[in-house]
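As structure tokens, the structure follows; a few thoughts come after it.
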Amino acid sequence: MSLSENWRTSLAVRTGLVGALASAVCLASFSYASERTDSTTQAAPSTAASSSEQPEQKKEAAPFTAADAGACLTWDVAPDGAVSNFQQAPCEGDHRFEVAARQNLGTYPSSEFGDNAPLPDVTRQAQLRSELCYNPTLRYLDGRFDPSGRYSIASILPPAEAWAAGDRTMLCGLQSTNASSTPEITHGTVGSQDQARITQPGQCVSVNASNSLGVVDCGEDHQLETTAVINLQETFPEGVPSVEDQDKHLQEVCTKAAEDYLGGPENLEKSTLQIYWGSIPSESWIGGSRSVNCSLISAHGESGFNSLRGSATGEFTINGTPPADNAPAEAAPAAGEEGHAH
Numbered sequence: 001m002s003l004s005e006n007w008r009t010s011l012a013v014r015t016g017l018v019g020a021l022a023s024a025v026c027l028a029s030f031s032y033a034s035e036r037t038d039s040t041t042q043a044a045p046s047t048a049a050s051s052s053e054q055p056e057q058k059k060e061a062a063p064f065t066a067a068d069a070g071a072c073l074t075w076d077v078a079p080d081g082a083v084s085n086f087q088q089a090p091c092e093g094d095h096r097f098e099v100a101a102r103q104n105l106g107t108y109p110s111s112e113f114g115d116n117a118p119l120p121d122v123t124r125q126a127q128l129r130s131e132l133c134y135n136p137t138l139r140y141l142d143g144r145f146d147p148s149g150r151y152s153i154a155s156i157l158p159p160a161e162a163w164a165a166g167d168r169t170m171l172c173g174l175q176s177t178n179a180s181s182t183p184e185i186t187h188g189t190v191g192s193q194d195q196a197r198i199t200q201p202g203q204c205v206s207v208n209a210s211n212s213l214g215v216v217d218c219g220e221d222h223q224l225e226t227t228a229v230i231n232l233q234e235t236f237p238e239g240v241p242s243v244e245d246q247d248k249h250l251q252e253v254c255t256k257a258a259e260d261y262l263g264g265p266e267n268l269e270k271s272t273l274q275i276y277w278g279s280i281p282s283e284s285w286i287g288g289s290r291s292v293n294c295s296l297i298s299a300h301g302e303s304g305f306n307s308l309r310g311s312a313t314g315e316f317t318i319n320g321t322p323p324a325d326n327a328p329a330e331a332a333p334a335a336g337e338e339g340h341a342h
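Mind the numbering: the sequence shown is residues 1 to 342 in the UniProt record's numbering, read in order.
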């Protein structure tokens, strides 16, 4: 079958094949969010920890930062995870956190955070984030937030010494974290950004045993290789496009992207790889996500994916074996949400 014939019939492989990765994508979004939930309350500039020794008397504590809604913060992260040089930064420049609200736990309607209270543990931090940060952050963004996108709602507590001195400030805001849950350097305000979680051309993505997606070196086992980033806003400026309309557009665009990435349609055909793309559900589009990835995959039957090693632009293997020279390529669209990478 010719490459053009495969292009015209590519939607037939969607059921089962794409559902498998779409499930992994959805699970990965949940898993990624769950993993980062445990680390999205930070202490600045040092790691949050309870103080077992409290002074008997305290003066009115000075807050550890004057940052308020609309400010951005940055800090340095050492290889061992230690945080230093915590400071405000212009939002248009390098920063790791955008403040959406400022809370004072000292006014919390209980004695839970009194003078001798320890820093809240991880479980309580997550509860406070949900209770005190979620709604104010949505208001700050005028409701434009994709919870499956690249940003997460997070909070920052005072460093241990400031907490021990009586500071009960909690900053609510937004950050983008990497696969190890470290806040990444970003630029610009969240409200002005495309919130889609995407990978860049040339990056390879692995689906691990827990169905989490993550960028890996292409020399390691992986299931996808990114060929392009497509901004759907440019094609659909009038409103939320249906998945069917996205598929119709992306089938052609991602086929061309794969051909360009590999150096022509003949190289795509020789690779034996299939073309894969994501789509954006309406709730994510309304929340601020606009871009998807085009990728290359190797389908295992109709419901699984082979393991790739090496970049498709050079020598690579499929399940440890070099690809055949004459099998055609097929295009395979994703079902549901775009597959963002953690």
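For glycine and all other residues, C-beta sits at the position ideal for the given N, C-alpha and C.
Legend entry - Spatial distance of cysteine 91 from glycine 191 (CA atoms): 11 angstroms
Inset, instruction - Have a look at arginine 129 and histidine 249 and give me their C-alpha separation to the nearest angstrom. - result: 39 angstroms
Legend entry - glycine 304 beta carbon near the ligand NAP (any heavy atom closer than 6 angstroms): The ligand NAP is absent from the structure shown, which contains no ligand whatsoever.
Inset, instruction - Give every residue of the same chain whose Cβ lies closer than 7 angstroms to the Cβ of alanine 67, excluding the five residues on either side of it in the sequence, and list them in chain order. - result: Leu73, Gln88, Val99, Leu171
Legend entry - The alpha helix (DSSP H) enclosing isoleucine 280, as first and last residue numbers: Counting along the chain, isoleucine 280 falls outside any alpha helix (DSSP H), and DSSP gives it neither H nor E.
Legend entry - Candidates Pro265, Ser111, Pro63: closest to residue 344 by CA position: With the chain represented from 1 up to 342, any question about residue 344 goes unanswered, as that position is not in the structure.
Legend entry - Residues sharing a beta bridge with arginine 102, DSSP: Leu171
Legend entry - Chain-order list of residues whose beta-carbon lies under 6 angstroms from that of isoleucine 198 (same chain, five-residue window excluded): Val229, Ser291, Asn293
Inset, instruction - Using the Cα positions of serine 110 and aspartate 167, report the straight-line distance between them to the nearest angstrom. - result: Taking C-alpha positions only, serine 110 is separated from aspartate 167 by approximately 16 angstroms.
Legend entry - Closest Cα partner of glycine 188 within the set Pro201, Asn178, Tyr151, His222: The candidate whose alpha carbon is nearest that of glycine 188 is Tyr151.
Legend entry - Residue of Thr137, Asp115, Asn85 minimising C-alpha distance to leucine 105: Asp115
Inset, instruction - Answer yes or no: do alanine 165 and alanine 61 have a C-beta to C-beta separation smaller than 7 angstroms? - result: yes
Legend entry - Cβ-Cβ distance between serine 298 and isoleucine 275 below 7 angstroms: no
Legend entry - Rounded C-alpha distance that separates glycine 81 from aspartate 245: 44 angstroms
Inset, instruction - Note the first and the last residue of the continuous beta strand (DSSP E) segment covering alanine 179. - result: Looking at the DSSP string, alanine 179 is not in any beta strand (DSSP E), and its letter there is neither H nor E.
Inset, instruction - Report yes or no: do three or more beta-carbon pairs, one from the segment 230-245 and one from the segment 281-290, lie closer than 8 angstroms? - result: yes
Legend entry - Span of the beta strand (DSSP E), counted from its first residue to its last, around asparagine 293: 291-297
Legend entry - Segment limits, beta strand (DSSP E) that includes threonine 186: Premise fails: threonine 186 is in no beta strand (DSSP E) and is neither H nor E.
Inset, instruction - Give me whichever residues DSSP pairs with alanine 154 in a beta bridge. - result: Gly173
Inset, instruction - Just mark proline 159 as buried or exposed, buried being the case when its beta carbon has 16 or more other beta carbons within 10 Å. - result: buried
Legend entry - Burial state of alanine 324, where buried means 16 or more other Cβ atoms lie within 10 Å: exposed
Inset, instruction - Use the C-beta contact count for isoleucine 153: other C-beta atoms within 10 angstroms, 16 or more gives buried, fewer gives exposed. - result: buried
Inset, instruction - Taking only the alpha-carbon atoms, compute the straight-line gap between leucine 79 and threonine 177 and give it to the nearest angstrom. - result: In the sequence as displayed, the identity of residue 79 is proline instead of leucine. Note on geometry: alpha-carbon atoms of proline 79 and threonine 177 lie some 16 angstroms from one another.
Legend entry - Burial state of arginine 139 (16 or more Cβ within 10 Å): exposed
Legend entry - Closest by C-alpha distance to alanine 179, when choosing among His300, Gly173, Val216: Among His300, Gly173, Val216, the Cα nearest to that of alanine 179 is on Val216.
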